[in-house]
Amino acid sequence: MNKKELTLSNTLSPENPILIDYHLPNNKKTSFKTPVIIFLHGFKGFKDWGAFNQMAEMWTNKGFLVFKINFSHNGTTPQSPFDFEDLEAFGQNTITKELSDIKILIDFICNEKSDLPKRNIEDLRLVGHSRGGSTAIIYASKDKRIKKVITLSAVSDLEARYFNEKNQKEWQQNDVVIIENGRTNQKMPLYESFYKDFKKNPINYSVKEATQKLSQTNRPQLIIHGIKDSSVTSQDAKDIFEWSNSTTNQNAKLVLVEDADHTYNTKHPNLIRNSEELPTQFLEMIDLVAKF
93 MNKKELTLSN TLSPENPILI DYHLPNNKKT SFKTPVIIFL HGFKGFKDWG AFNQMAEMWT
153 NKGFLVFKIN FSHNGTTPQS PFDFEDLEAF GQNTITKELS DIKILIDFIC NEKSDLPKRN
213 IEDLRLVGHS RGGSTAIIYA SKDKRIKKVI TLSAVSDLEA RYFNEKNQKE WQQNDVVIIE
273 NGRTNQKMPL YESFYKDFKK NPINYSVKEA TQKLSQTNRP QLIIHGIKDS SVTSQDAKDI
333 FEWSNSTTNQ NAKLVLVEDA DHTYNTKHPN LIRNSEELPT QFLEMIDLVA KF
């Protein structure tokens, strides 16, 4: 695997660096025609989760330069990128911080002086999983440098999912909502700043509004979702697709993957080393992204 890592700093919180890796084709050769994929993880996720590295490697084999990002406040650290060791940072995360992280990475990719392989900055594709898909839509609606948006099991309504009445009461009483991580059994804090950030930007951070705004630019959108996703139902994908076609945009496509769950039947840690033996649903998703 030809993978290199780098860290970038966000002026909003320089003490929490952004950890990034990029995956090169096996021959290590890229050109100014090589398209770029930027992958965003979801809530309680990280760039090296499960089979994400194999996913990136398979995309490079199909001709892409692939970047993966650990958001500065996802709870991991550059020293421990696989574990949620900085729960305070996790609790202080906001959508604004994630959007800022993405912009810093894209500015870096588009800067000709950056020490990066040759790449086509006119062909940047933003791919996001789960809440990362929601963030991808919101970000792309604000930055025309993104030419294609691909969502994997994206959340269609952030307000309904994260800012429900129960959570609002908890924030009002205790300033924090505790989220249990079913995989690690950690109790992860989510401070009221997350909610306040959203309430300051209810329109700008609406997936529906962002999808409709994005569709007005006629940039292609691919909405992928597993039919057996019990974490975020496929209705979310159908909603996003409906909004993307609410204007004159004919460039949106919806694909529902048969027998696929929220992570396309992969798990963490991933024990399948041979990429060809990964679940067929995961391989189908990878192929759909590459061909779009």
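Letter by letter, the sequence shown follows residues 93 to 384 in my numbering.
Ideal Cβ placement from N, Cα and C applies to all residues, glycine included.
First and last residue of the alpha helix (DSSP H) that includes residue 181? Start at 1 with the first residue of the sequence shown, and residue 181 comes out as number 89. In the DSSP assignment, residue 181 falls within the alpha helix (DSSP H) that extends over 179-183.
Exposure of residue 152, with buried meaning 16 or more beta-carbon neighbours within 10 Å: On the sequence shown, position 60 is the one that residue 152 refers to. Taking all protein chains in view, the Cβ of residue 152 is crowded by 16 or more other Cβ atoms within 10 Å, so the residue is classified as buried.
If you reduce the DSSP assignment to three classes, tell me which class residue 364 lands in. One-based indexing of the sequence shown puts residue 364 at position 272. Correct three-state label for residue 364: coil.
Straight-line Cα distance separating residue 366 from residue 258: Within the sequence shown, the letter at position 166 stands for residue 258. Within the sequence shown, the letter at position 274 stands for residue 366. A straight line joining the alpha-carbon of residue 258 with that of residue 366 spans about 44 Å.
Residues that residue 268 bridges to, as DSSP identifies them: One-based indexing of the sequence shown puts residue 268 at position 176. 283.
By how many angstroms is the C-alpha of residue 245 removed from the C-alpha of residue 355? Your numbering for residue 355 matches position 263 in the sequence shown. Your numbering for residue 245 matches position 153 in the sequence shown. Near 8 Å, if we compare the C-alpha coordinates of residue 245 and residue 355.
Using the Cβ count rule (16 or more neighbours within 10 Å means buried), how would you classify residue 240? Stepping through the sequence shown from its first residue, residue 240 is reached at position 148. With 16 or more Cβ atoms within 10 Å of its Cβ, residue 240 is classed as buried.
Give me the Cα-Cα distance between residue 177 and residue 167, rounded to the nearest whole angstrom. Position 85 of the sequence shown, counting from 1, holds the residue named residue 177. Position 75 of the sequence shown, counting from 1, holds the residue named residue 167. For the pair residue 177 and residue 167, the Cα-to-Cα distance works out to about 6 Å.
Determine whether the beta carbon atoms of residue 102 and residue 108 lie at a separation below 8 Å. Position 10 of the sequence shown, counted from the first residue, corresponds to residue 102. Position 16 of the sequence shown, counted from the first residue, corresponds to residue 108. A contact, by the Cβ cut-off of 8 Å.
Given a cut-off of 8 Å on the beta-carbon distance, is the pair residue 347 and residue 319 in contact? In the sequence shown, the residue the question calls residue 347 occupies position 255. In the sequence shown, the residue the question calls residue 319 occupies position 227. Not a contact, by the Cβ cut-off of 8 Å.
Could you check the C-alpha separation between residue 328 and residue 370 for me, to the nearest Å? Here the question's residue 328 lines up with position 236 in the sequence shown. Here the question's residue 370 lines up with position 278 in the sequence shown. Taking the straight line joining both Cα atoms gives about 26 Å.
Which partner residues of residue 159 appear in the DSSP bridge assignment? The residue labelled residue 159 in the question sits at position 67 within the sequence shown. In the DSSP output, where bridge partners are listed per residue, residue 159 has 114 and 130.
Residue 269 to residue 256, Cα distance in whole Å? Position 177 of the sequence shown holds residue 269. Position 164 of the sequence shown holds residue 256. Cα-Cα distance, rounded: 11 Å.
Along the chain, where does the beta strand (DSSP E) that runs through residue 204 open and close? Within the sequence shown, numbered from 1, the residue matching residue 204 stands at position 112. Judged by DSSP secondary structure, residue 204 falls outside any beta strand (DSSP E); it is assigned neither H nor E.
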